[in-house]
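Following: one structure in structure tokens, then a few remarks.
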Amino acid sequence: MKIGRLLTVLVFVVLIPLVFCGCDRDDETIVHVDMSKREDIKVPEPEPAITYAYLPQYSHTVSYQRHNPLIEYLARETGLPIRQVFPDTFEEHRRMVERGDIDISFSNPMTYIRIAQSGARAFARIIEPSGSPTFRGQIIIRKDNRLIHSIKDCKGKRWIAVDPLSAGGYLFALGLFLKHGITTDDFSEINFAPGPGGKQEKAVLAMYAGKYDLASIREGSLDIVKDKISMDKIRILATTQAYPGWVYAARKGLSPEIVEKISRAMFKLSMNDSTQARILSTAGMRGIIPAKDSDYDSIRDLAASLGMFRENNSFREDSN
Amino acid sequence: MNLLGRLRFRTKINIGITVIVVMTALILAMFVTRMASDALVQEARKRGRVLTGNLVLRSVDPLLSVDLLQLKTMVDEITEVDSDVVYAFIEDERGRILVHTFSDGFPVELINANKVQSGSRMNIVTIDTGKEKIYDFAAPVYLVGKKIGTVRLGLSRTKVQQVTNSLILAISMLTGLALAMAVLVSTQFAKRITARIGMLREHAENLVKGNLVVNRDKKTVNTCHEIRNCGKRDCPAWQDNLRRCWYISGTKCPECGENNYPDKLTNCRNCDIYINSSGDEIQELTETFDVMANTLKYHIEDLETAQKNILRQQKLLQTILSVSPDQVSLVGTDLTYMAVNAAFARSCGKKEEEIMGMRDEDLFNEEISNKRKQEVISIFSTGKIINKENLYQPEDGDPAQWFHTIRVPVYDEDQNITGVLSTARDITELKSYQSQLIQSQKMESVGKLAGGVAHEINTPLGIILGYAQLLQEDVDPESQIYADLGIMEKQARFCRKIVADLLGFSRQTTSDKIEMCFNNSILEVVQLVTHTFKLENVSIITDLDDRYPIIQGDPEKLKQVWLNLLSNALEAMNGGGIVKIITRLDTQDMTITAFFADSGYGIAKKNLNSIFDPFFSTKPVGKGTGLGLSVSFGIIEDHGGKISVTSPLPEGILEEELPEEAGPGTLFTITLPLEPGKEKEILSSEF
Numbered sequence: 001m002k003i004g005r006l007l008t009v010l011v012f013v014v015l016i017p018l019v020f021c022g023c024d025r026d027d028e029t030i031v032h033v034d035m036s037k038r039e040d041i042k043v044p045e046p047e048p049a050i051t052y053a054y055l056p057q058y059s060h061t062v063s064y065q066r067h068n069p070l071i072e073y074l075a076r077e078t079g080l081p082i083r084q085v086f087p088d089t090f091e092e093h094r095r096m097v098e099r100g101d102i103d104i105s106f107s108n109p110m111t112y113i114r115i116a117q118s119g120a121r122a123f124a125r126i127i128e129p130s131g132s133p134t135f136r137g138q139i140i141i142r143k144d145n146r147l148i149h150s151i152k153d154c155k156g157k158r159w160i161a162v163d164p165l166s167a168g169g170y171l172f173a174l175g176l177f178l179k180h181g182i183t184t185d186d187f188s189e190i191n192f193a194p195g196p197g198g199k200q201e202k203a204v205l206a207m208y209a210g211k212y213d214l215a216s217i218r219e220g221s222l223d224i225v226k227d228k229i230s231m232d233k234i235r236i237l238a239t240t241q242a243y244p245g246w247v248y249a250a251r252k253g254l255s256p257e258i259v260e261k262i263s264r265a266m267f268k269l270s271m272n273d274s275t276q277a278r279i280l281s282t283a284g285m286r287g288i289i290p291a292k293d294s295d296y297d298s299i300r301d302l303a304a305s306l307g308m309f310r311e312n313n314s315f316r317e318d319s320n
Numbered sequence: 001m002n003l004l005g006r007l008r009f010r011t012k013i014n015i016g017i018t019v020i021v022v023m024t025a026l027i028l029a030m031f032v033t034r035m036a037s038d039a040l041v042q043e044a045r046k047r048g049r050v051l052t053g054n055l056v057l058r059s060v061d062p063l064l065s066v067d068l069l070q071l072k073t074m075v076d077e078i079t080e081v082d083s084d085v086v087y088a089f090i091e092d093e094r095g096r097i098l099v100h101t102f103s104d105g106f107p108v109e110l111i112n113a114n115k116v117q118s119g120s121r122m123n124i125v126t127i128d129t130g131k132e133k134i135y136d137f138a139a140p141v142y143l144v145g146k147k148i149g150t151v152r153l154g155l156s157r158t159k160v161q162q163v164t165n166s167l168i169l170a171i172s173m174l175t176g177l178a179l180a181m182a183v184l185v186s187t188q189f190a191k192r193i194t195a196r197i198g199m200l201r202e203h204a205e206n207l208v209k210g211n212l213v214v215n216r217d218k219k220t221v222n223t224c225h226e227i228r229n230c231g232k233r234d235c236p237a238w239q240d241n242l243r244r245c246w247y248i249s250g251t252k253c254p255e256c257g258e259n260n261y262p263d264k265l266t267n268c269r270n271c272d273i274y275i276n277s278s279g280d281e282i283q284e285l286t287e288t289f290d291v292m293a294n295t296l297k298y299h300i301e302d303l304e305t306a307q308k309n310i311l312r313q314q315k316l317l318q319t320i321l322s323v324s325p326d327q328v329s330l331v332g333t334d335l336t337y338m339a340v341n342a343a344f345a346r347s348c349g350k351k352e353e354e355i356m357g358m359r360d361e362d363l364f365n366e367e368i369s370n371k372r373k374q375e376v377i378s379i380f381s382t383g384k385i386i387n388k389e390n391l392y393q394p395e396d397g398d399p400a401q402w403f404h405t406i407r408v409p410v411y412d413e414d415q416n417i418t419g420v421l422s423t424a425r426d427i428t429e430l431k432s433y434q435s436q437l438i439q440s441q442k443m444e445s446v447g448k449l450a451g452g453v454a455h456e457i458n459t460p461l462g463i464i465l466g467y468a469q470l471l472q473e474d475v476d477p478e479s480q481i482y483a484d485l486g487i488m489e490k491q492a493r494f495c496r497k498i499v500a501d502l503l504g505f506s507r508q509t510t511s512d513k514i515e516m517c518f519n520n521s522i523l524e525v526v527q528l529v530t531h532t533f534k535l536e537n538v539s540i541i542t543d544l545d546d547r548y549p550i551i552q553g554d555p556e557k558l559k560q561v562w563l564n565l566l567s568n569a570l571e572a573m574n575g576g577g578i579v580k581i582i583t584r585l586d587t588q589d590m591t592i593t594a595f596f597a598d599s600g601y602g603i604a605k606k607n608l609n610s611i612f613d614p615f616f617s618t619k620p621v622g623k624g625t626g627l628g629l630s631v632s633f634g635i636i637e638d639h640g641g642k643i644s645v646t647s648p649l650p651e652g653i654l655e656e657e658l659p660e661e662a663g664p665g666t667l668f669t670i671t672l673p674l675e676p677g678k679e680k681e682i683l684s685s686e687f
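Chain order of the listed sequences is E and R.
So in our numbering, spot 225 of the first sequence is number 225, and the numbers just go up one at a time.
So in our numbering, spot 160 of the second sequence is number 160, and the numbers just go up one at a time.
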């Protein structure tokens, strides 16, 4: 009897873990796959569509996030297949417009005057979030910087700018400096924010961190970083004159009907419509208005004063 | 079946420890393996999730820009960095493969092996390729709620399984090692334990065999006085090498207290001697055994002494009860005999032990048993003592016996009657003496009366006789008157003889006792009657004690006794017979006894008690006065002796050849003290 009882206990003790271990994982789905059946994969060709590119001011993701609703809206409104493409750099964007890989280019005015040289033509421009169709550059310093009180004090200082081709983030400020007789050589150091995206923020943060004495940014960029830094410690040293804002340009050779369709859809966008308002604010604009190439002559002037694009003296199609 | 019970203790410990270790190891191995395996799998899955998630995040921009080179670099890098990653590939938003890590074509079945449900962030399936199992992670790449592609990653499960297997192997090896060590240790442990238990068992066996002497090695015990060097020689633990001090009562240590063992153990457990000297449980058990053995030994010795005393007393009591002629019995509440003595058993004709448990009806007839039972029951109910004399008539015709019976209740400590003790003493003899006393008192009264009457009659009778004789002288002897006077004289003389006998009976005649030869007194009478007896064809045989005993007595009166006895004997034998006279001197009792035996017709039993009564005679009227034997009785009594009669003759008295007409015979026994007044009480005579 004793042995029987003992055996029962032993069996019980042994069986319980076995029962536990015996349970297979419930969440496991087993799929049998024959790995020997192989095929060569061909890279899929993109379907033919109107290509829309946003100057890579930010990362592709941000670009996508900002412009995808607008692109979808345009596609819906025009009935055209529109696909956003993502050039990695400003330069690539420009070249892709030149090559015809980008049908609709949304770029800053400085880039526009470059691509305009290859035949691209502006047909629309945006109303800035501030409500103005123009935008300005800002020169900011730390409030506690005792050495800089005016633009002239910037001489011999370290300057962090957004990008050499950035209008609001560099070129507008450089134009202002030139007006005050300060050239690039007068700075002890001019540097540009690294990486493809978030350059405006990086410039602010680098100055804020004390790595640079001054930063040049596009007007409105401080709003983006207001959660990351204390605005009390930032001082706007100067604001440049207003220049026309970002511009939509159609590549050379793009059917005017298409341009017409798209621009019509664009101009239809209104902040009064909540859906459209959301599309517009997502894209960082308050509206889209018609534009013509001559609107950007002030930019061409600036570029000329800065000595940019000297390889091609005539940026203006209309020399007048 | 009880195999476990038959196993050696050592084997049991080994088996037990082995089972425990194996079970523990088994459970541990199972759980640990399972847990480790689970953890590894979870970790692998987690890693897969992380890798896949990472790839998803990194692939957003290249996916948007359709940067196949960057995507390809990313998937290649991930397979290079982590050797567990079997493959990785990225699909576009329509599920078309953009890049993959397979070198020789893409396995087409793989595309549909893992489909992510819409809205789900990731889906994991296990892919069985036949060679190995792979966790396939599929994660869609969403951007602004839109799927822009899917990242797929394959993580080898076989490698996880290999780690698990090596873990199981390691645990198994560790278990085996632990088992070996456990068995080794348990064997040593069991060996030590069982050796000590074996000693204990041997010790216990010795106890069972009755060997209660403790033979512990004295060196192993350091006595408390050696440790403390207290020098208390009057302490019971002083030089007691066989017992630990905490087992000894009345020790003199200040912390011992006044309690005796085992109560004192409470104090002792805090004592430094106990703490330093006491062993483990087995040691304590051994020592407790020793204490028990010693205590048992003392108790057994006490018991033996007590038993001896009890046995001795029991024997004494038994002897007293057995030797006692009184019949003693004890009846219990169930009316059965609880104890009887030898005399009682003898009276019932059974052995003592046979009577135990019997009832009265098993031993006596209905009448007697009912009577006895009623008496016992009345005592049980009333508690009154019964004290009575009763006559018991045996059924076999033996003479009736008188018993003095006392029945007393026996009480227990609660004063309840638990039995009745009966004592029956045979007082038949006492009763006989009582009747004899009454008889002799009667005789004495009769004697006094007769003596008085005889004395008063003697004088007128002498005058009558004298006048009769005188008148005879005056008349013619031939005449009728003379003859009548002769009759008167004869009758008067007869009367005188009666009177003389009466006077003799009442011992109112004087007797002069002188020294005389007892034998000669008898021989003279024998000589006198021999002739007459011969004429009647009766022979007298004498067997006289040749020491010729001398007594103080009246020769004439004794001769009268002998003559009376011989004449009675002659009269009892018609047609001849034998009379035998034997005398025997008892120098111890200072008595002389004469036996007169005849072969006559004997005396009827009913007359035996009456033959010495005056005027009792069986002879026809006128033939005897009935005073012969009573006069003889008086004479013998006068000499301080005793006369008795037995009929028929006891065996061995008359061995001579008897005539045909010989009867049962009679034996008269006369015992006389050699010196009157100094005789011992003659109760009975034995031949």
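Backbone N, C-alpha and C fix where the C-beta goes; we use that ideal spot for every residue, glycine too.
For residue 73 (chain E), not one C-beta of chain R is nearer than 9 Å to its own C-beta. For residue 558 (chain R), the CB contacts under 6 Å within the same chain, skipping 5 residues up- and downstream, are 521 in chain order. Minimum Cα-Cα distance from residue 285 (chain E) among the listed residues E:239, E:79, E:135 corresponds to E:135. Within the stretch 42-68 of chain R, the residues whose Cβ lies closer than 9 Å to some Cβ of chain E are 60, 61, 62, 63, 64, 65, 66, 67, 68, listed in chain order. Taking 9 Å as the cut-off, the Cβ atoms of residue 595 (chain R) and residue 443 (chain R) do not count as close. For residue 288 (chain R), not one C-beta of chain E is nearer than 9 Å to its own C-beta.
Around the C-beta of residue 149 (chain E), fewer than 16 other C-beta atoms lie within 10 Å, and the residue is accordingly described as exposed. Beta-bridge partners assigned by DSSP to residue 666 (chain R): R:598. For residue 100 (chain R), the enclosing beta strand (DSSP E) starts and ends at 97-100. Annotated as proximal: residue 537 (chain R) and residue 576 (chain R), with beta-carbon spacing under 9 Å. Assigned with DSSP and collapsed to three states, residue 562 (chain R) falls in helix. At a cut-off of 9 Å between beta-carbon atoms, residue 160 (chain R) makes no contact with chain E. For residue 252 (chain E), no Cβ of chain R is located within less than 9 Å of the residue's own Cβ.
For the pair residue 400 (chain R) and residue 333 (chain R), the Cα-to-Cα distance works out to about 31 Å.
Secondary structure at residue 568 (chain R): helix, using DSSP grouped into helix, strand and coil. Below the 7 Å Cβ cutoff, chain R contributes 92, 96 as neighbours of residue 44 (chain E), in chain order. Judged by DSSP in its simplified three-state form, residue 590 (chain R) adopts coil rather than helix or strand. Think of a sphere of 8 Å around the beta carbon of residue 100 (chain R): the chain E residues whose beta carbon falls inside it are 41, in chain order. Between residue 294 (chain E) and residue 243 (chain E) a beta carbon distance of about 14 Å is seen, past the 8 Å cut, so the two are scored as non-contacting. Annotation: the continuous alpha helix (DSSP H) that includes residue 112 (chain E) extends over 109-115. A direct Cα-Cα distance of roughly 54 Å separates residue 267 (chain R) from residue 34 (chain R). Judged by their CB atoms, residue 219 (chain E) and residue 128 (chain E) are nearer to each other than the 9 Å cut-off. DSSP places residue 308 (chain R) in the helix class (H, G or I) of the three-state scheme. Against chain R, the beta carbon of residue 65 (chain E) has neighbours under 8 Å at 143, 144, listed in chain order. In the DSSP annotation of this structure, residue 40 (chain E) is not part of any beta strand (DSSP E), being labelled neither H nor E. Residue R:674 holds the alpha-carbon nearest to the alpha-carbon of residue 514 (chain R) among R:540, R:674, R:253, R:244. Contact between residue 547 (chain R) and residue 585 (chain R) holds: their C-beta atoms lie close to 5 Å from each other, under 8 Å. Beyond the five residues adjoining it in sequence on each side, residue 96 (chain E) comes within less than 6 Å, by CB distance, of 87, 102 in the same chain, given in chain order. A Cβ-Cβ separation of about 6 Å places residue 376 (chain R) in contact with residue 335 (chain R) under the 8 Å criterion. Here residue 234 (chain R) is exposed, its C-beta having fewer than 16 other C-beta atoms within 10 Å.
Relative to residue 296 (chain E), the option among E:230, E:236, E:121, E:210 whose CA is nearest is E:121.
Residues are counted here when their Cβ sits less than 8 Å from a Cβ of chain R; for the stretch 47-66 of chain E these are 59, 60, 61, 63, 64, 65, given in chain order.
Taking a C-beta distance under 9 Å as the contact criterion, residue 176 (chain E) and residue 140 (chain E) do not qualify as a contact pair. Counting along the chain, residue 174 (chain E) sits inside the alpha helix (DSSP H) bounded by residues 172-179. Contact annotation: in the stretch 183-201 of chain E, no residue has its CB less than 7 Å from a CB in chain R. Contact with chain E is absent for residue 84 (chain R), since none of that chain's Cβ atoms lies less than 9 Å from the residue's Cβ.
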